[in-house]
Amino acid sequence: MRRSIAQRFLQALIVLVGVVLLTFVMLRVVPGNPIETMMGEHADAATVARMTAELGLDQPMHRQFLRYLSSALRGDFGTSYSLGKPVSLLLKSAFRNTLYLALFAALFAWILGVACGLVCAVSKNRLPDRLFLGFSLLGISLPVFMAAMFLQYVLAFKLKWFPISGTDSWRGFVLPAAALGWNSAGQVAQMTRTSLLETLQEDYIETARAKGLGRFGVLVRHALRNAMLPVLTLMAIQFSGLLSGAVITETVFSINGVGRLMVQAISGRDIPLLQGTSLLATSVVILGSLLADCLYSVLDPRIRKEG
Amino acid sequence: MPPGKRRKTEETADLRLQSQLCEEERFWDLMRRMARENRTAVLSFILIVLVVLASLLAPVLTPYDENGMDLMHRLSPPSQDHLLGTDEGGRDELTRLLYGARVSLLIGVVPALLSLILGSALGVIAGYRGGLADAVIMRAADVTLAFPSMLLAMVIMYSLGGGIVNVFLTLTLVNWANVARVVRSRTLALKSSEFVEAARVIGVPEGRIMRRHILPNCLPTLLVLFTLNIPASILTESSLSFLGLGIQPPNASWGLMINTGRQYLYSAPWLCFAPGAAIMLIVLAFNFLGNGLLDVLDPRQRKQ
Amino acid sequence: MEHNTLEVRGLTVCFQTAKGAVRPVDDVSLKIPQGSIVGVVGESGCGKSMTARAVMGLVRSPGKITGGSVTLDGRELTSLPEKERRKLRGAEISMIFQEPMSSLNPVMKVGRQVAEAVRLHTGCSRAEARAKTLAIFREVEIPEPEARYDCYPHELSGGLRQRVLIAMAAVCRPKLLIADEPTTALDVTVEAQILKLLERLRDAGVSVLLISHDLGVIARVCDYVYVMYAGRIVEQAGTGVIFDRPQHPYTRGLFRSVASLREGAETLETIPGVVPNLLRLPAGCSFLMRCPSCPARCENEIPPLAETEPGHAVRCFLAGKEGAT
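Residue numbers (my numbering), protein chains in the order written: chain E, 1 to 307; chain D, 1 to 304; chain W, 1 to 325.
Shown next as structure tokens:
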């Protein structure tokens, strides 16, 4: 098991370097001098030259890449052009907000999703099942921006239960987290339902019944843990989706997070900032899936012994 | 080619043709079965067809012009004249929705098709060749999948610039990796199957095996992926357009309509919620259809 | 008169399907004297397993017990509320299944799975349950019980897993143990050991209902045999009697096909035809389509299960008559 995790770790590292390379190349194939694009047409030649040298853009591509990589390893992602601050500093404060947002959303989605799925599976094809299933379908098909605007319009604007934007208190996080988690909740609910229904067909469930366990005991002690294995994989994938959605939610609710920073970077044509934000986001995704793998092998003894 | 060998080739070709014919018959059987058993999928299909027809027949269905400004009736709420109200330029919202459907559907279908072609080509090569090609392609897929899809789309849109063609390219680059993974695993399974072994033994060239023997057998899976990639593309594009990074006016997709409508969320909420509901419906319909297809074409896959 | 641990009378299980009602168990009666092993034999799909499930009270929806009675030591079970039945399962009646590979929870240590049964029915402490589990592990001859206690199912061989399942079923000293094809998934040497284990349990006073399609297994351990076909009992007799003088054409067919296998005959003798679809059973004898000699009467009249000699009953009009033999 230790070996397979080391292997996964190495693979994750390779992917991470690939991500840096991809963003690096992609942002430098933009036609024209990136400095001129960044500064607009009014830049004077001297400034352009100074900036070009500062960013090392006059050097060959591979040299630039190695330079970026080595300074990134030291935690230096350059200076944001549009905001005039070190990228690492900007990321640090933005990351906190995004992390809170994503964690709240995940908590909301996973608790609600698993609970819904459980109710569905237990009451298969009866009214609660149909009801919750429809509910989860609504969750799956509702785009994040729609959920965000809908919640903002109804609960913040019309009913005034929550602030329209800002993160001064925990109340500011409620609507964004719900909007962001809505989608995942639907997916988790469906997956939990399917997986649980399938698990309940297994032979060992019959054994547990024959042993004298009641319906509830069978569900909690034997079915749930087995059924949660595929759901866990889904959750790891979803974490990446949550970060995608964070871009939208942060924009709608004006939260200063990584996603909003990225939108700012794009509108300000700010390459160092764009690179920093995308690197951070992908690192989180990669770390998340690594974590899920570890957790999976803890929960499933069959995997623990292989590898 | 020695005569014996040629005869063998013909024989396997014959066998393959026969099995394909059976496959085809089986395919329509399965479609019929889905139509019988899965009412939701059928309804979804009908809805999709209706939306396509409505968007094509928009000039006939509505008396208004897509870009006909009417400054006297700006932001008027839904009424008998304007079923879904008017926007900030006094244009009929329903008319814009119908024309917007053309763009949104195109944005769903074209990238789904392109990513299918790119993804299956790379996937089959990775699976069949193995070795270095496999390692390179699959690591590239890993890198692509490591990005939250929106962020990747944003980065690519940034370097390509706005516009509908670039949206196509971006969504293709975002979606290919998933297709490649699935096709690769199918290829690995097919590679060791008897008919591929047989073809290899009698010396059918690699490229031909991939094209004629492996890809046709991936078709059901590809159809499912295609159907499920359409709503994913529509969603990603509408998110991009929502941020103002997608297609540019005067082309109007539903996502872009929401983006412009957002400024009037509190005074004219229908400008956001009408196209929003349209996106939801079409995404839901494609998802239902895709899952219905998955159920009949590839029941094993469904479990995973 | 000897005491019967289990008595089943006229048991009928009905499934409402879209294409009509199906009765996988139709008017089945059987009894198991205390301290004996009784076998039920038949092809797959003949209703053996469903009978076992019905006795356990584990018929899955949409199946339903629609008639008959099941008594355990004289106590009627079919009318018991689910809560009471649950208390009996694992304590007084327990069951082991065909697939030792998939019948154990893959993410739970096997020792704990057995201990769970102990705690469920005795309410004793964790430590006591562990001690009892280790004791039963020793009894069913699991080597190194302490080490095995903390193993996960995938770390054990098929034979060991079946021993664990037997331990789980026997740990509360049930009155009745139902073994549903307990050796089908195992190889021959392990099979012999498992059967010996069942005999030891019988000698300890446990009555065993052994379900199998394998006549060899039945012949080796059973005291009395029921032959099932398409949901009905078609013949019943003591093991010696039935192997010596089978009466029903189906039973004979079964024996012939086994005999031809054993003697290495040129051609394998089989029973012609297939098990009939339960949805389209003939009005008369269900073996009608495959029977080598059936009088016209069989077509619209179900033959009764009639005794041909003491302790030997056959569901065939021709039984005991010269023409049949």
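Glycine is no exception: its CB is placed at the ideal position from the N, C-alpha and C atoms.
Within the segment 65-88 of chain W, the residues whose Cβ lies closer than 7 Å to any Cβ of chain E are, in chain order, R86 and K87.
Judged by pairs of C-beta atoms under 8 Å, the segment 57-68 of chain D touches the segment 91-99 of chain D, as three or more such pairs exist. Within chain E, the residues whose beta carbon sits less than 7 Å from that of D:S238 are P143, listed in sequence order. In the three-state scheme derived from DSSP, where H, G and I count as helix and E and B as strand, D:Y266 is classed as coil. The beta carbon of E:E206 sits closer than 8 Å to some beta carbon of chain W. Shown here, W:E301 sits in coil according to DSSP, grouped into three states, outside any helix or strand.
DSSP places D:N166 inside the alpha helix (DSSP H), whose first and last residues are I164 to K191.
Excluding residues up to 5 positions away in sequence, Q187, V188 and M191 lie with their Cβ nearer than 8 Å to the Cβ of E:L234 in the same chain.
Between D:A112 and D:G292, the C-beta gap is not smaller than 8 Å, which leaves the two residues out of contact. E:T249 is the residue among E:T249, E:G268 and E:S267 whose C-alpha sits nearest the C-alpha of E:G259. In this structure, E:G288 and E:F239 form a Cβ contact; the two beta carbons are roughly 4 Å apart against a cut-off of 8 Å. For W:C46, there is no enclosing beta strand (DSSP E), since its DSSP letter is neither H nor E. Counting along the chain, W:R23 sits inside the beta strand (DSSP E) bounded by residues G20 to P33. D:V155 reaches chain E at T23, M26, L27, L274 and S278, counting residues in chain order whose Cβ is nearer than 8 Å. Out of W:S61, W:R232, W:V55 and W:I96, the CA that lies nearest to the CA of W:T78 is found in W:V55.
The beta-bridge partner set that DSSP reports for W:F15 consists of W:V22 and W:G63.
Burial state of W:V274 is exposed, judged by a 10 Å Cβ sphere holding fewer than 16 other Cβ atoms. The C-beta distance from W:Q247 to W:A319 rounds to 4 Å, short enough to fall under 8 Å. In the DSSP annotation of this structure, the continuous segment of the alpha helix (DSSP H) that includes W:E82 starts and ends at E82 to L88. If you draw a straight line from the Cα of E:M146 to the Cα of E:S136, it comes to about 15 Å. The straight-line gap separating the alpha-carbon atoms of E:R130 and E:A121 is approximately 10 Å. At least one C-beta of chain W is nearer than 8 Å to the C-beta of E:P301. For E:N226, the neighbours in chain W by C-beta distance under 8 Å run, in chain order, N105, P106 and V107. In summary, D:E37 is exposed, with fewer than 16 beta-carbon neighbours lying within 10 Å of its beta-carbon over all protein chains present. Boundaries around W:I93 are those of the beta strand (DSSP E), I93 to I96, since no alpha helix (DSSP H) includes it. Taking a beta-carbon distance threshold of 8 Å, D:S267 does not count as an interface residue toward chain E. Looking at the backbone, the Cα of E:Q11 and that of E:L21 are separated by about 15 Å. Look at D:A146: its C-beta is under 8 Å from a C-beta on chain E.
Following the DSSP letters along the chain, one finds W:Y229 inside the beta strand (DSSP E) bounded by residues Y224 to Y229. A residue is called buried when at least 16 other Cβ atoms come within 10 angstroms of its Cβ; W:P62 does not meet this threshold and is exposed. Contacts with chain E (Cβ-Cβ distance below 7 Å) from the segment 129-142 of chain D involve R139 and D142, listed in chain order.
Between the segment 173-188 of chain W and the segment 124-132 of chain W, the count of C-beta pairs closer than 8 Å stays below three; the two stretches do not touch. Under the three-state reduction of DSSP output, W:S69 falls in the strand class.
The continuous alpha helix (DSSP H) containing W:R112 extends over residues V110 to T122. By the criterion of a C-beta distance shorter than 7 Å, D:V296 is surrounded in its chain by L30, R33 and M34, once the five residues flanking it on both sides are discounted. The beta carbon of W:D73 lies closer than 7 Å to those of T5 and K175 in the same chain, with the five residues before and after it left out.
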